[in-house]
Every structure is written in C-alpha cells, then in structure tokens.
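Asks:
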Amino acid sequence: ELLWDVGGGAGSVAVEWLRAHPACRAVTVERDPDRAARIARNAECLGVPRLRVVTGTAPEALAGLPTPDAIFIGGGLTAPGLLDACWEALPPGGRLVANTVTLESEALLAERRRRHGGELIRLQLGRARAVGGFTGWTQAMPVTQWSVTRPAAPGPA
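Counting from 1, one number per residue, gives the positions in the sequence shown under our numbering.
Here's what the structure looks like:
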C-alpha cells in the first residue's frame, strides 16, 4: 500500500509505515527544505531509504503523485485546497487521518467529519511535575485527530 505523508515534519509516520512491511511504499511531502533533508536522513538511518521525499507545498506538490491507499496529514490543514485535494486523490476504500493542535484546523476537521463521517478524537497528555513539595500535572497541547475511510460510492467533496 502507498501512503502520502503530507506535512512530513521529521518523517516518523512515513518511516513507521515503511518499517511495517517490505511491500509498503510512502511519499512524504514537506515544504521546508531543511525538514525535507532531515526526513531523508532519518529514513536512511532507520533502514527505509526507499522513502520518497518531495520538497514542496501541498496541495500543489501532490500533483502527479501515484494514487495513495492512505493519507496522513500532519501539517498544513489550513492551506487552501489541501483537504479537498487529499479527499479527491483517495480511491474508494482509501483512508485519511489528519492531526491538528490549532482551533482553526480543528474547525475544518469537524466540518469534514460532518460532511464525510469518520471519527474525531482528542488526545491529551500530561506529565507529572513538581509543584512545591507536591506533584501536579502539566498538560501538553491536545491533538485532535480525524480518521475516515472514503466510501465505495464517493459523494461530493
């Protein structure tokens, strides 16, 4: 199966995808050239040099890529046309997962869930820290995640 990892960051999602099975393929799209170079280094060091890294801005950088079986969006959700381009690229049965930490992107994901279904979850992590002589929780930013499978009879975007 082919994964598009959009907003690749450090490449961890694509790297783990490729490590899951030798037949898995992945393309990561990252707009920042320094991060794109880091993704390629990470893939090499972690034993998956077959990761294809595309340096460019989505959705434009998605043009011409092979049809994905799954798409992970880890950044850039507010880029005009990104969610539409990803949804349209998915074949029936294709899976999309998108993560965000911003209210603006969360609103986009909630609207897409209303339109296409799927599951919307929020992940929260806290770490125990000293508070004087006691211990309290320090919260990390919550991550909102939308996951959906494109139906066999695709509806309008």
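All C-beta atoms, glycine included, are put in the ideal place defined by N, C-alpha and C. All values reported here derive from a predicted model rather than from experimental measurement.
Determine the extent of the alpha helix (DSSP H) in which residue 108 is found, giving its start and end residues.
Replies: Counting along the chain, the alpha helix (DSSP H) containing residue 108 begins and ends at 103-116.
Asks: Can you give the beta carbon distance from residue 7 to residue 56, rounded, assuming they're within the 8 Å contact cut?
Replies: That belief does not hold up - the Cβ atoms of residue 7 and residue 56 are roughly 11 Å apart, past 8 Å.
Asks: Roughly how far, in whole angstroms, is the beta-carbon of residue 14 from the beta-carbon of residue 51, given that I think they are within contact range, below 8 Å?
Replies: At roughly 5 Å, the Cβ-Cβ gap stays under 8 Å, so residue 14 and residue 51 are in contact.
Asks: Using 7 Å as the threshold, is the C-beta distance between residue 53 and residue 28 below it?
Replies: yes
Asks: Return the Cβ separation of residue 59 and residue 79 in integer angstroms, given the expectation that the two are a contact with Cβ distance under 8 Å.
Replies: 7 Å
Asks: Between the alpha carbons of residue 110 and residue 139, how many angstroms are there, rounded?
Replies: 23 Å
Asks: So what's residue 148 in DSSP terms, helix, strand or just coil?
Replies: strand
Asks: How should residue 201 be labelled, buried or exposed, when 16 other C-beta atoms within 10 angstroms of its C-beta is the threshold for buried?
Replies: Nothing about residue 201 can be read from this structure; the chain reaches only from 1 to 157.
Asks: Counting only runs of 3+ residues fully inside the stretch 12-91, write out the beta strand (DSSP E) ranges in chain order.
Replies: 25-30, 52-55 and 70-73
Asks: Mind checking residue 135: buried by the 16 CB within 10 Å criterion, or exposed?
Replies: Exposed: under 16 other Cβ atoms inside 10 Å.
Asks: CA-CA distance, residue 21 and residue 102?
Replies: 33 Å
Asks: So the candidates are 144, 18, 38 and 26; which of them puts its Cα closest to the Cα of residue 113?
Replies: 144
Asks: Which same chain residues end up closer than 8 Å to residue 62 when comparing Cβ atoms and leaving out the 5 residues on each side of it in sequence?
Replies: Cβ within range, chain order: 4, 6, 29, 85, 86 and 89.
Asks: Go through its chain and collect everything with a Cβ distance to residue 150's Cβ below 6 Å, but skip five positions before and after it.
Replies: 90, 92 and 94
Asks: Suppose you measure from the CA of residue 141 to the CA of residue 124; what does that come to, to the nearest Å?
Replies: 7 Å
Asks: As a quick exercise: from 46, 11 and 45, pick the residue whose alpha carbon is nearest that of residue 32.
Replies: 11
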